[in-house]
Amino acid sequence: MGGMSIVSTTVLAFSMSADAFAVSVAKGATLQKPRWRDALRSGAIFGTVEAITPVIGWLLGVAASRYIEAIDHWAAFFILLAVGGKLVWESFQPEDEAAEKPQRHGLGVTILTAIGTSIDAMAVGVTLAFVDANIWLTAAAIGGATCLMVTLGFMTGHYIGSKVGKYAERLGGLALIGIGTHILLSHTGVI
25 MGGMSIVSTT
35 VLAFSMSADA
45 FAVSVAKGAT
55 LQKPRWRDAL
65 RSGAIFGTVE
75 AITPVIGWLL
85 GVAASRYIEA
95 IDHWAAFFIL
105 LAVGGKLVWE
115 SFQPEDEAAE
125 KPQRHGLGVT
135 ILTAIGTSID
145 AMAVGVTLAF
155 VDANIWLTAA
165 AIGGATCLMV
175 TLGFMTGHYI
185 GSKVGKYAER
195 LGGLALIGIG
205 THILLSHTGV
215 I
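Going by our numbering, the first residue of the sequence shown is number 25, and it counts up by one from there.
The structure is reproduced here in structure tokens:
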């Protein structure tokens, strides 16, 4: 299989940032007055974690690829279907309402949240090994998109509320399902 196009890489990067964006919008919505410094710090933390985890998944995928080469397109499809489906499902779940709006969120909470939202990126990293993608370019794109989206989500969440984050999460999930379907159909010769 060949690598990914710039369009696929960009769509993947912003799709992977969708859950982090939704979380940052929700976090921004709970703050009395979000500050740019805190938004940039959160963006940098989320972006860094989100860039590292697909590389870890890719390493696992490279190790496993020789054993499942004949079905790698199916594996990529089902992993992206599962991750995308999870994002879509979560986008329909109700939000927990915060009782009181804090001034800012702690560093520990931010790091743990970043790790929690990046587990999906590790699974996607596995699929990147199967489609012979440039992991360094893709990981950098995912990290950059996540940094941008988290920073913007954090700052705008106070004004736009968490519903917009839910729609972004849903759109990101559908995009991942589309990428997985494209991988499967192109490998089987349908497209």
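Glycine included, each C-beta is placed from N, C-alpha and C at the ideal position.
| How big is the Cα-Cα spacing for residue 153 and residue 138? | 23 Å
> Assuming residue 135 contacts residue 69 under a Cβ cut-off of 8 Å, what Cβ separation, rounded to an integer in Å, is found between them?
Replying inline: 6 Å
| query | What residues in its chain sit with their C-beta under 8 Å from that of residue 189, if we drop five residues either side in the sequence? | reply | 45, 46, 47, 48, 49, 50, 177 and 181
Report task. For residue 146, name the three-state secondary structure that DSSP assigns. Result -> helix
For this session: Counting only the same chain and skipping the five closest in sequence on each side, list residues whose C-beta sits under 6 Å from that of residue 208.
Result: 97 and 101
query = Helix, strand or coil for residue 178 per DSSP?
reply = helix
- request: Output the boundary residues of the alpha helix (DSSP H) element that contains residue 45.
  value: 42-54
Review point. For residue 79, which residues of its own chain have a beta-carbon under 7 Å away from its beta-carbon, when the five flanking residues on both sides are left out?
Key: 149, 159 and 163
Item checked: Nearest-angstrom Cβ-Cβ length linking residue 43 and residue 111, presumed shorter than 8 Å -> 6 Å
Where do the ends of the alpha helix (DSSP H) carrying residue 69 lie?
60-89
**Prompt:** Which residues mark the beginning and the end of the alpha helix (DSSP H) in which residue 109 is found?
**Reply:** 96-115
Inset, instruction - Classify residue 199 as buried or exposed, calling it buried when 16 or more other Cβ atoms lie within 10 Å of its own Cβ. - result: buried
Item checked: Closest by C-alpha distance to residue 53, when choosing among 183, 133 and 205 -> 183
request  = Return helix, strand or coil for residue 29, following the three-state DSSP convention.
outcome  = coil
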